[in-house]
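A.B. asks: Going by the working numbering, the first residue of the sequence shown is number 57, and it counts up by one from there.
Where a beta carbon is used, it is the ideal one built from N, C-alpha and C, also for glycine.
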Amino acid sequence: MVLFFVEPDRRDPLFTAGSAREEDPSLLKIGIVSDIHGNLEALETVLGSLQEYGVERILCLGDLVGYGPDPVACVERIMDTADIVVAGNHDQAVSGLIDMDRFNTQAREAIEWTRTQTTREINDTLAGLPLTVSGDSMTAVHAAPFEPEAWHYLLTEAEARRGFSFLKNPVCFVGHSHIPLIFIEDRDGNITMETAASIHLEKDKRYIINVGSVGQPRDNDARTCMGLWDTTASEFVLERLPYPVWLVQEKMARFELPVSLIERLSFGI
């Protein structure tokens, strides 16, 4: 048992999610995705890669919809393939749980368009997603482990410190900012920030890991982004993959979605 501070039991979501098989959650390969934002081409690229890697679990950290042209297909694919799914702010906005005043003009326009595409069943699915899922081994949340309904960003060491103060387990996976980052807290409470593509998870440290965005990267890299967590080797790897951006842009243009949202996909901004 390398990764866990406490012995995992069968209440752990990684143990129970998606399968009745009696698997040890410390011996799993886990794919982690976030911020798909209706980008089906990016999502299919990522899911295909996760299948090739042989992952046993998939975590989705929310924002299945918003911005992109295929909200319904993305919700259906995630709900069919992911074992744990938490809500993002765009999911709650589309389903009517939060007000759109929180969003900028382009995001509001995309949310309004998305609402014309989703069915009541899809909206109910989005509205029913939990804000957090937590167990002995990890926490999954879209924005931050503190006040998840407030949609805070974790971009600085000070913000990460507040996040660590709420954690009861060694690893927290987040999305929301669309910028992959790793915050590390050592046994003395010192916090550092890493942008490395891979990291070995040490048993005497805690981690808040932003896995970036599948469908709307914003770290100046247009490739889709996903996380791979090998709990046997205690390693996390951030994987970047090319996908046919132009196909998504053609669809967005056809639906007359905001030009700025279309163009930014080419640059990862």
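(1) When DSSP labels each residue in this structure, what does E132 get in the three-state scheme?
(2) Determine the extent of the alpha helix (DSSP H) in which V102 is found, giving its start and end residues.
(3) What does the Cβ neighbour count give for S233, buried or exposed, with the cut at 16 atoms within 10 Å?
(4) Can you say whether F239 is buried or exposed, counting buried as having 16 or more other CB atoms within 10 angstroms of its CB?
(5) When you compare the CB positions of N266 and P236, do they come within less than 9 Å of one another, or not?
(6) Using DSSP with H/G/I as helix, E/B as strand and the rest coil, what is W285?
(7) I'd like the list of long-range same chain contacts for A183, defined as Cβ closer than 6 Å, with 5 residues on each side in sequence excluded.
(8) Excluding the 5 residues preceding and the 5 following Q148 in the sequence, name in chain order all residues of the same chain whose CB lies nearer than 6 Å to its CB.
(9) Among A214, A253, V89, H198, which has the Cα closest to the Cα of E291?
(10) State buried or exposed for N179, treating a residue as buried only when at least 16 other CB atoms are found within 10 Å of its CB.
C.D. replies: Result, derived from the coordinates:
(1) Counted from its first residue, the sequence shown places residue 132 at position 76. The answer is helix: DSSP assigns E132 an H, G or I state.
(2) Start at 1 with the first residue of the sequence shown, and residue 102 comes out as number 46. Per DSSP, V102 belongs to the alpha helix (DSSP H) from 96–109.
(3) Start at 1 with the first residue of the sequence shown, and residue 233 comes out as number 177. Looking at its Cβ environment, which holds 16 or more other Cβ atoms inside 10 Å, S233 is buried.
(4) Translated into positions along the sequence shown, residue 239 becomes position 183. Under this definition F239 is a buried residue.
(5) Taking the first residue of the sequence shown as 1, we reach residue 266 at position 210. Taking the first residue of the sequence shown as 1, we reach residue 236 at position 180. Contact flag set, yes.
(6) Mapped onto the sequence shown, residue 285 falls at position 229. Strand.
(7) What you label residue 183 is simply residue 127 of the sequence shown in a count that begins at 1. Closer than 6 Å at the Cβ level, and outside the excluded window around A183, lie S151, L153.
(8) As a working note, residue 148 is residue 92 in the sequence shown. Around Q148: I154.
(9) Counting from one through the sequence shown, the residue named residue 291 turns up at place 235. E291 has its Cα closest to that of A253, out of A214, A253, V89, H198.
(10) For this step, residue 179 is matched to residue 123 along the sequence shown. N179 is buried by the Cβ-count criterion.
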